[in-house]
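S.K.: I am attaching a structure below and will ask some questions about it afterwards.
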Amino acid sequence: MSVETILVFGEADESGPSGLTLELLAAARDLATKAEVFVVGDGAAAASELGAHGASTVYSTGVLDGKLMGVHAAATLQAHLDSNPVDAVFFGQTPDGRDTAARLAVRLDQPVITNNVGAVIEDGALVVEEPVFGGTQNVFTAFRNEGPSLALFRPKSFEAEPTGSGAAEVVPVDFVDPGAAGSATVTGRHIEERSGPQLDDAEVVVSGGRGLGQPEAYEMVDELAGLLGAASGASRAIVDAGWVPYAKQVGQTGKVVKPNVYVACGISGATQHLVGMKGSKNIIAINKDPEAPIFGVADLGIVGDVHKVIPALIEALKAR
Amino acid sequence: MTDDADSLTRSKIRTQLVSPIFGPRVELLSGQHRYSTLHQRVCEIFQLLIWISNNLGAESTTMKVVVCVKQIPDPALPGELDPSTNYLKRDDKLILDESDSYGVEMALQLVESAGGGEVSLVSMAPNGEVSGLRTALAMGAEDAVLVSDDALAGTDALGTARVLAAAISRMSPDLVLAGVESSDGYTGTVPEMIAGVLEMPSITFAKQIEIDGDTVKVQRQTEAGYDDVECATPALVSVTAGVVEPRYPSFKGIMAAKKKPLEELDLAALGIDSSVVGKNGARQETVRVTDAEERQAGEVIEDEGDAHEKIVEFLGELKIV
Ligand SMILES: Cc1cc2nc3c(=O)[nH]c(=O)nc-3n(C[C@H](O)[C@H](O)[C@H](O)COP(=O)(O)OP(=O)(O)OC[C@H]3O[C@@H](n4cnc5c(N)ncnc54)[C@H](O)[C@@H]3O)c2cc1C
Chain A
4 MSVETILVFG
14 EADESGPSGL
24 TLELLAAARD
34 LATKAEVFVV
44 GDGAAAASEL
54 GAHGASTVYS
64 TGVLDGKLMG
74 VHAAATLQAH
84 LDSNPVDAVF
94 FGQTPDGRDT
104 AARLAVRLDQ
114 PVITNNVGAV
124 IEDGALVVEE
134 PVFGGTQNVF
144 TAFRNEGPSL
154 ALFRPKSFEA
164 EPTGSGAAEV
174 VPVDFVDPGA
184 AGSATVTGRH
194 IEERSGPQLD
204 DAEVVVSGGR
214 GLGQPEAYEM
224 VDELAGLLGA
234 ASGASRAIVD
244 AGWVPYAKQV
254 GQTGKVVKPN
264 VYVACGISGA
274 TQHLVGMKGS
284 KNIIAINKDP
294 EAPIFGVADL
304 GIVGDVHKVI
314 PALIEALKAR
Chain B
8 MTDDADSLTR
18 SKIRTQLVSP
28 IFGPRVELLS
38 GQHRYSTLHQ
48 RVCEIFQLLI
58 WISNNLGAES
68 TTMKVVVCVK
78 QIPDPALPGE
88 LDPSTNYLKR
98 DDKLILDESD
108 SYGVEMALQL
118 VESAGGGEVS
128 LVSMAPNGEV
138 SGLRTALAMG
148 AEDAVLVSDD
158 ALAGTDALGT
168 ARVLAAAISR
178 MSPDLVLAGV
188 ESSDGYTGTV
198 PEMIAGVLEM
208 PSITFAKQIE
218 IDGDTVKVQR
228 QTEAGYDDVE
238 CATPALVSVT
248 AGVVEPRYPS
258 FKGIMAAKKK
268 PLEELDLAAL
278 GIDSSVVGKN
288 GARQETVRVT
298 DAEERQAGEV
308 IEDEGDAHEK
318 IVEFLGELKI
328 V
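Residue numbers (this note's numbering), protein chains in the order written: chain A, 4 to 323; chain B, 8 to 328.
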């Protein structure tokens, strides 16, 4: 059984729609007869790629200048849904996705279910799948509300898949002014320098944790990553300690990565870290504690000192 | 602390402000020679000191911060779902969610740097649990409101936000702080929903907060770095975990916390209809719980100085090198 229409809350920048948007579009297409995308931004620029991934219509508000998005997006979406009812709205579990879904839930008085990694339709109702307890169990929850079901999904839950269709029809939408609640203004942006492969789509990820002992030791993680053409990541322990920026954090409150190979160096394997990397195809762990939980998910576990194993590995790779 | 008690302290402060302060001050400055006895002079100076301290105190009480805190089962213990309801089991003692301790610390620091003010807590728990609130009171918060009601079991994010918003609106804060997400539910939507119900501006994912008059200025964490974001107060700000070092309650703090006002309210007291909370309000149903596919542990070897060769070999098989 399927439902009629699912609207995807699309996120896009100059370089096009986000990977997560395309993933949600694939899921929406699977579950509904019609998959539409609502872009708070330049939807026209994203329309050809969204169309190629199966979107029938792209609603585009144009760029919102200088304001925090959530409140404005929710007010505009509410007005849109009023005249264009849908069965469900899919959001990515991103800062803007969460803010918008939360504000929209209040406006529509509809429940939101977060942290999902899967979705099916059962008896005409949307049923979403949420991993709990560090991904050891999955809870399936059915929406029993009247009105659109609002669901947030974690990145990498679905596979983006082009359908080969042409560009989607673009329908412009006017912003709705949410009043004083929408007054939060962005006065400056600070972008950290990013170079080399990015965590989201790297083939190989090398991550470091507290077991590195000191911030300087992260340099060998970077060097190893460089030799493997990998992105470098981190546990929250060393992000909180200020060794590396938040953008490198892997886990429940950081990024979800699913590379071909994940190398965990001096990371214990707390459940909140595991949910961010357990989906990797192959996992290599280096930890001096044979009881470390990370070994429970590793394909190759090395019980050893990162300060010995990593430099030796770097030398061996350089010698090749 | 009830509303009445709150307005009482406020009006007391206000009275002290308008009491004949200017009298003694002007006299003291312009007519010192009229005071004949040392005793009178000492009295005057004493009065001046009281005036200064009251006046400073009164000015800073203009800042009232309410922090939302959740009391959760100890995350160090393995979590379990109640097989009959599929709700997270909360039978054991609940503790202050670490994610919220950052909000409490942030609030205390803001009030300290403003030279005074008041930090109040608000929490919702189905079973009247207060131990987590006592921890936050011991850190230095002034008072707490706990919303507790049997009807709350199974309440979802939106219901929780409605309850907390109702409690917060009675407290008339300048700033509402919350953790970005709880450690057990981590929906990460409740703070923004509270702001939605209160029709307040909000800034999520704060890593640094500064109060500048009636404006709150925030460094908001982003994927790529951070943004500077600001809005007028009253506003809600959600605080990212790990951005400040939550203080440990001192022994004195723990003792003091036992005597701090902790008001317990039920839904009726907040004027909330029980149909918007609990299972009915959630309008969702857990249809099944399955065990996730276990990832099989592979080979684990002890490094004898040659483990790196093993890694190179493994990477070679995967054609990475
Ligand atoms: C709500 C919430 C959300 C969270 N989100 C995340 C998240 O997104 N990502 C995340 O990572 N964490 C997250 N955490 C934190 C998580 O619980 C752990 O605290 C964290 O992952 C631990 O990081 P770590 O493994 O680097 O440090 P530790 O747990 O301290 O582990 C260090 C490891 O290094 C090993 N070691 C020490 N010295 C050496 C050496 N010389 N050689 C080799 N090994 C050595 C030790 O044996 C140990 O296993 C979250 C926690 C909460 C409560």
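By construction, the Cβ of each residue, glycine as well, lies at the ideal position given by its N, Cα and C atoms.
Expressed to the nearest angstrom, what Euclidean distance is found between the alpha-carbon atoms of P256 of chain B and L101 of chain B?
M.R.: Those two C-alpha atoms are separated by around 17 Å.
S.K.: Between which residues of its own chain and L231 of chain A is the CB-CB distance below 7 Å, once the five residues before and five after are set aside?
M.R.: For L231 of chain A, where only same-chain residues beyond five positions count, the Cβ hits under 7 Å are V207, V209.
S.K.: DSSP three-state call for F161 of chain A: helix, strand or coil?
M.R.: In the structure shown, F161 of chain A sits in coil (DSSP, three-state: anything other than H, G, I, E or B).
S.K.: In the DSSP output, what is G304 of chain A paired with across the bridge?
M.R.: DSSP, once it has assigned bridges, lists A:A288, B:V307 as partnering G304 of chain A.
S.K.: Would you mind sorting P181 of chain A into buried or exposed? The rule is 16 or more other CB atoms within 10 Å of its CB.
M.R.: Its Cβ being crowded by 16 or more others within 10 Å, P181 of chain A is buried.
S.K.: Which residues mark the beginning and the end of the beta strand (DSSP E) in which S176 of chain B is found?
M.R.: Where S176 of chain B is concerned, there is no enclosing beta strand (DSSP E), although the alpha helix (DSSP H) it sits in stretches over 164-176.
S.K.: Using a Cβ cut-off of 8 Å, which residues of the segment 172-195 of chain A contact any Cβ in chain B, in chain order?
M.R.: So the list reads G182, A183, A184, G185, S186, A187, T188, V189, T190, G191, R192, H193, I194, E195, given in the order they occur along the chain.
S.K.: Alpha carbon to alpha carbon, how far is V246 of chain B from S106 of chain B?
M.R.: Cα-Cα distance, rounded: 9 Å.
S.K.: Which value, in whole angstroms, describes the spacing of the CA atoms of V120 of chain A and G122 of chain B?
M.R.: When rounded, the distance between both Cα atoms is 47 Å.
S.K.: Can you check whether the C-beta of G127 of chain A is within less than 8 Å of a C-beta belonging to chain B?
M.R.: No, its Cβ sits nowhere closer than 8 Å to a Cβ of chain B.
S.K.: So is K321 of chain A buried or exposed if we call it buried at 16+ other beta carbons inside 10 Å?
M.R.: By the neighbour-count rule (16 or more Cβ atoms within 10 Å), K321 of chain A is not buried but exposed.
S.K.: If A91 of chain A and I9 of chain A are in contact, beta carbons under 8 Å, what's the gap, nearest whole angstrom?
M.R.: Yes, A91 of chain A and I9 of chain A are in contact; Cβ-Cβ is about 5 Å, under 8 Å.
S.K.: With a threshold of 8 Å on Cβ separation, who are the neighbours of V6 of chain A within its own chain once the five nearest residues in sequence on each side are excluded?
M.R.: If we look at V6 of chain A and ignore the five residues flanking it on each side, its Cβ neighbours are L34, A35, T36, D90, A91, I124, G127, L129.
S.K.: What residues match up with E125 of chain B in a beta bridge as DSSP calls it?
M.R.: DSSP, once it has assigned bridges, lists B:K71 as partnering E125 of chain B.
S.K.: Does the Cβ of T256 of chain A lie closer than 7 Å to at least one heavy atom of ligand 1?
M.R.: Result yes, Cβ under 7 Å from ligand 1.
S.K.: Comparing C-alpha positions only, which one of A:N285, A:S51, A:S63, A:R32 sits nearest to G44 of chain A?
M.R.: Ranking A:N285, A:S51, A:S63, A:R32 by Cα distance to G44 of chain A puts A:S63 first.
S.K.: So within the segment 182-235 of chain A, which uninterrupted alpha helix (DSSP H) runs reach at least 4 residues, ignoring any that extend past its ends?
M.R.: Listed in chain order, they are 221-230.
S.K.: Quick one: Cα of S189 of chain B to Cα of A213 of chain B, how far?
M.R.: The alpha-carbon atoms of S189 of chain B and A213 of chain B are separated by roughly 15 Å.
S.K.: Name the chain B residues that come within less than 9 Å of P200 of chain A, Cβ to Cβ?
M.R.: Within chain B, no residue comes near P200 of chain A; the closest Cβ sits about 13 Å away, beyond 9 Å.
S.K.: Is A273 of chain A near ligand 1 - that is, is its Cβ less than 7 Å away from at least one heavy atom of it?
M.R.: Answer for A273 of chain A: yes, Cβ within range of ligand 1.
S.K.: Got a sec? Which residues, its chain only, sit under 6 Å from A267 of chain A by beta carbon, not counting five neighbours each side?
M.R.: For A267 of chain A, where only same-chain residues beyond five positions count, the Cβ hits under 6 Å are S210, A288, I297.
S.K.: Residues of chain B with a CB under 7 Å from the CB of Y249 of chain A: which are they?
M.R.: Here the neighbours are Q228.
S.K.: Name, please, each residue of chain A whose Cβ falls closer than 9 Å to the Cβ of T293 of chain B.
M.R.: Those are V142, F143, T144, A145, listed as they occur along chain A.
S.K.: Does K251 of chain A pass the burial test, meaning 16 or more other C-beta atoms within 10 Å, or should it be called exposed?
M.R.: That one is buried.
S.K.: At 3 residues or longer, what runs of the beta strand (DSSP E) sit wholly inside the segment 62-124 of chain A?
M.R.: The qualifying runs are 91-95, 115-119.
S.K.: Is DSSP giving S130 of chain B helix, strand or coil here?
M.R.: If DSSP states are grouped into helix, strand and coil, S130 of chain B belongs with the strands.
S.K.: Return the CA-CA distance between D102 of chain A and T211 of chain B, expressed in angstroms with no decimal places.
M.R.: If you take the alpha carbons of D102 of chain A and T211 of chain B, they lie about 8 Å apart.
S.K.: Using a Cβ-Cβ cutoff of less than 8 Å, which residues in the same chain neighbour T69 of chain B once the five nearest sequence positions on both sides are dropped?
M.R.: Around T69 of chain B: G124, D181.
S.K.: Measure how close the beta-carbons of L243 of chain B and I201 of chain B come, nearest whole angstrom, since I'm counting them as under 8 Å.
M.R.: Confirmed, Cβ separation roughly 6 Å.
S.K.: Assuming V176 of chain A and T256 of chain A are in contact, meaning their beta carbons sit under 8 Å apart, how far apart are those beta carbons, in whole angstroms?
M.R.: Contact doesn't hold; Cβ gap of about 32 Å is too wide.
S.K.: Measure from the C-beta of G22 of chain A to each C-beta in chain B and report whether the shortest distance is under 8 Å.
M.R.: So no, G22 of chain A is outside the interface.
S.K.: Expressed to the nearest angstrom, what Euclidean distance is found between the alpha-carbon atoms of S323 of chain B and V264 of chain A?
M.R.: For the record, residue 323 of chain B in the displayed sequence is Gly; it is not Ser. Answer to the nearest angstrom: the Cα atoms are 12 Å apart.
S.K.: Spatial neighbours of T22 of chain B within its chain, please: C-beta separation below 6 Å, excluding the five flanking residues on both sides.
M.R.: Because the pLDDT at T22 of chain B is just 27, under 50, the model does not fix this residue reliably, and the value given afterwards should be weighed accordingly. There are no such residues.
S.K.: Would you say the beta carbon of R101 of chain A is closer than 7 Å to some non-hydrogen atom of ligand 1?
M.R.: False, no ligand heavy atom lies under 7 Å from that Cβ.
S.K.: Cβ atoms of G249 of chain B and Y371 of chain B: under 8 Å apart, would you say?
M.R.: Not covered by the structure: residue 371 of chain B. The range shown for chain B is 8 to 328.
S.K.: From R97 of chain B to E252 of chain B, what does the alpha carbon distance come to, in whole angstroms?
M.R.: Between R97 of chain B and E252 of chain B, the C-alpha separation is close to 27 Å.
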